[in-house]
Amino acid sequence: PYNISGTVVTGDKRGRTLGYPTANLATEAELIPPNGVYAVRVVLGEESKPGVASLGLKPTFSGKQYSIEAHIFDFDQDIYGRFLRMEFIERIREEKSFPDAHALVAQIDRDAEPARQILEQAPPEASNQPDEEKTGTLS
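Per our numbering: the sequence shown ends with 152, consecutive numbering throughout.
See the structure below:
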């Protein structure tokens, strides 16, 4: 699967107040998937965790800065400053604006279920190449 790597940085910390804390990724990858919501695997060191990622401008909150962020399912650790690789398994939907935070949370709830199903059915990672060799690549 296509993947990008980078360091987890501090974001707006809005996700945690909505019940969906996210890992915000700072990357130097030049080739980024289109804006939208994706089922992803997040690789931290030797561990691979399932999640759902959002790429885009956060239009519900009048965002002006592009962000890449992933909610890692069933995960509660401080990973600021850590290097991670995000593997894009399947696009769930395009980015869109919602009338308020409650409508956004309801949509995230709906996005999480197909993401979990997609990831349960997806084959395991195809390669064990070091992260540095896989940054912004198709595999």
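Built from N, CA and C at the ideal position, the CB exists for glycine as well.
Item: Among residues of its own chain, excluding the 5 on either side of P137, which ones have a beta-carbon nearer than 6 Å to its beta-carbon?; Value: none
Item: Which word fits G24, buried or exposed, when buried means at least 16 other C-beta atoms lie within 10 angstroms of its C-beta?; Value: buried
Item: Helix or strand or just coil, what does DSSP make of R54?; Value: strand
Item: Kindly indicate which three-state DSSP category T20 falls into: helix, strand or coil?; Value: strand
Item: Taking the continuous beta strand (DSSP E) assigned at L38, which residues delimit it?; Value: A36 to A39
Item: Taking the alpha-carbon of L106 as reference, which of S67, F88, P72 and L132 has the nearest alpha-carbon?; Value: For clarity, residue 106 is Arg in the given sequence; the question names Leu instead. The candidate whose alpha carbon is nearest that of R106 is S67.
Item: Candidates S18, D122 and L97: which alpha carbon is nearest L44's?; Value: S18
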